[in-house]
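Asker:
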Amino acid sequence: MFAEITRSSYIAFSRVLGRRSFRPICAVSEETFTRSYRQIHIESLRKENFKMPLYETISKGAINSPNYSLYFKNNCGNVISPMHDIPLYANEEKTIYNMVVEVPRWTNAKMEISLKTPLNPIKQDIKKGKLRFVANCFPHKGYIWNYGALPQTWENPNHIEPSTGCKGDNDPIDVIEIGYRVAKRGDVLQVKVLGAIALIDEGETDWKIIAINVNDPLASKVNDVSDVDQYFPGLLRATVEWFKIYKIPDGKPENQFAFNGDAKSADFATSIIAETHKFWQTLINQSNVGTPEIACQNITNRHSEFVIGKEEAAKILDEAPDGGEVEEVVDTVDTWHFIHLK
Numbered sequence: 000m001f002a003e004i005t006r007s008s009y010i011a012f013s014r015v016l017g018r019r020s021f022r023p024i025c026a027v028s029e030e031t032f033t034r035s036y037r038q039i040h041i042e043s044l045r046k047e048n049f050k051m052p053l054y055e056t057i058s059k060g061a062i063n064s065p066n067y068s069l070y071f072k073n074n075c076g077n078v079i080s081p082m083h084d085i086p087l088y089a090n091e092e093k094t095i096y097n098m099v100v101e102v103p104r105w106t107n108a109k110m111e112i113s114l115k116t117p118l119n120p121i122k123q124d125i126k127k128g129k130l131r132f133v134a135n136c137f138p139h140k141g142y143i144w145n146y147g148a149l150p151q152t153w154e155n156p157n158h159i160e161p162s163t164g165c166k167g168d169n170d171p172i173d174v175i176e177i178g179y180r181v182a183k184r185g186d187v188l189q190v191k192v193l194g195a196i197a198l199i200d201e202g203e204t205d206w207k208i209i210a211i212n213v214n215d216p217l218a219s220k221v222n223d224v225s226d227v228d229q230y231f232p233g234l235l236r237a238t239v240e241w242f243k244i245y246k247i248p249d250g251k252p253e254n255q256f257a258f259n260g261d262a263k264s265a266d267f268a269t270s271i272i273a274e275t276h277k278f279w280q281t282l283i284n285q286s287n288v289g290t291p292e293i294a295c296q297n298i299t300n301r302h303s304e305f306v307i308g309k310e311e312a313a314k315i316l317d318e319a320p321d322g323g324e325v326e327e328v329v330d331t332v333d334t335w336h337f338i339h340l341k
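Residues 0 to 341 (my numbering) make up the sequence shown, in order.
Structural data, given as structure tokens:
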């Protein structure tokens, strides 16, 4: 069909353009068309593969109940731990990191990777038998960035951080992602590290890594904390204020910071992440290093004493509780608190 159209087009147009002028166009058109189609087809397949998510989430239990859990699968369909099986680094150069989103921006439910639950699904924190929600401290609505954690990191509670003089908080290292997009709970984002803030929470170092989604329109322009002030004016100040006051409505004192609340550089943050990654490697590979509070089951770390089979991981998901007693969402989600610092 293509050859017939080309031949008839050649006859028609050669009368107007002249045989000599049209012949080169007609001679390469079919070949060019075939090559272009193949190239477009290959590129479309590449784009489809590129857009294919590496991870998916599976909900178990009723939302707003203690049974709610968000489990993870990789693109092979295997149930995994977001803390232990998702790589810390998203590229071989170790300049881009994977971030597991626990709390999307503007939401209040305090969701976190569950350390005690096998395969570490995301669950809502419980305080005094009730689901925990973060208060709205004017002018901040819920969390003011996408909040989550870097996988394969661990802030070792037996290690005193020299720069802060305080031990680690026994959690994966926290991340605040400042890009424009409101992420979804369970998203695994590729982020660039910009800096770090050291929150001192009840005598423990609680690092807050500042990062930006590599797909954000401003990602190429923002490389360090100084750039954050330029392109996101007021955000660093608001971040320190948020962490300082967010527990006050619960009757707790304002939080304290190392370095007077000043954000440290991207290089400093990168060194802290590398250190917590080494702590995690020790945690996942040696049973005598871990703590009873951390479930270390995983399917990908073959040297780990806690590695389990894919069938066992699938069984953990299957046996996770469904249903659950749904709690009424507390007034915290809609109430504004006006905090006056001394």
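Ideal Cβ placement from N, Cα and C applies to all residues, glycine included.
Label GLN151 either buried or exposed according to how many other C-beta atoms from any shown protein chain fall within 10 Å of its C-beta, with 16 as the threshold for buried.
Answerer: If you number the sequence shown from 1, residue 151 lands on position 152. Buried: at least 16 other Cβ atoms inside 10 Å.
Asker: Does the distance from the CB of SER162 to the CB of ALA257 come in under 9 Å?
Answerer: The count along the sequence shown starts at 1 and reaches residue 162 at position 163. The count along the sequence shown starts at 1 and reaches residue 257 at position 258. Contact flag set, yes.
Asker: Would you list the one or two residues that DSSP bridges to PHE132?
Answerer: As a first step, residue 132 must be located in the sequence shown, where it is residue number 133. Paired residue(s): ALA108.
Asker: Does the segment 102 to 119 come into contact with the segment 76 to 93, if we say contact requires no fewer than three beta-carbon pairs (one atom in each stretch) closer than 8 Å?
Answerer: With a cut-off of 8 Å, the segment 76 to 93 and the segment 102 to 119 count as touching, because enough Cβ pairs lie within range.
Asker: In the DSSP assignment, the beta strand (DSSP E) including LYS122 goes from what residue to what residue?
Answerer: Here residue 122 corresponds to residue number 123 of the sequence shown, with the count starting at 1. Taken as a continuous stretch (DSSP letters only), the beta strand (DSSP E) holding LYS122 covers 121 to 123.
Asker: Name the residue from THR94, ASN97, ALA108, ILE95 whose alpha carbon lies nearest to the alpha carbon of ASN63.
Answerer: Here residue 63 is taken as the residue at index 64 of the sequence shown, counted from 1. ASN63 has its Cα closest to that of ALA108, out of THR94, ASN97, ALA108, ILE95.
Asker: If you reduce the DSSP assignment to three classes, tell me which class SER350 lands in.
Answerer: In the structure as shown, the chain starts at 0 and stops at 341, and residue 350 therefore has no counterpart that could be examined.
Asker: For GLU380 versus ASP168, is the C-beta distance shorter than 9 Å?
Answerer: Outside the displayed span of the chain (0 to 341) sits residue 380, for which this structure offers no information.
Asker: What are the start and end residues of the alpha helix (DSSP H) that includes ASP226?
Answerer: Position 227 of the sequence shown, counted from the first residue, corresponds to residue 226. 224 to 230 is the extent of the alpha helix (DSSP H) around ASP226.
Asker: Measure from the C-beta of TRP241 to each C-beta in chain C and report whether the shortest distance is under 9 Å.
Answerer: Among the chains in the structure shown there is no chain C, since it carries only a single protein chain.
Asker: Going straight from the alpha carbon of ARG180 to that of ASN222, what length do you get?
Answerer: Taking the sequence shown and counting its residues from 1, the one referred to as residue 180 is at position 181. Taking the sequence shown and counting its residues from 1, the one referred to as residue 222 is at position 223. Rounded to whole angstroms, ARG180 to ASN222 spans 18 Å at the Cα level.
Asker: Please state the DSSP three-state secondary structure of ASP205.
Answerer: Sequence index remark: in the sequence shown, residue 205 carries index 206 (1-based). Strand at ASP205.
Asker: Which term fits LEU340, buried or exposed, when burial requires 16 or more other beta carbons within 10 angstroms of its beta carbon?
Answerer: Locating residue 340 in the sequence shown gives position 341, counting from the first residue. Its Cβ having fewer than 16 others within 10 Å, LEU340 is exposed.
Asker: Could you say which of PRO138, VAL102, ILE112, TRP144 lies nearest to PHE132 if we only look at CA atoms?
Answerer: Your numbering for residue 132 matches position 133 in the sequence shown. PHE132 has its Cα closest to that of VAL102, out of PRO138, VAL102, ILE112, TRP144.
Asker: Which runs of the beta strand (DSSP E), 3 residues or longer, sit entirely within the segment 275 to 320?
Answerer: DSSP runs (the beta strand (DSSP E)) wholly in the segment 275 to 320: none.
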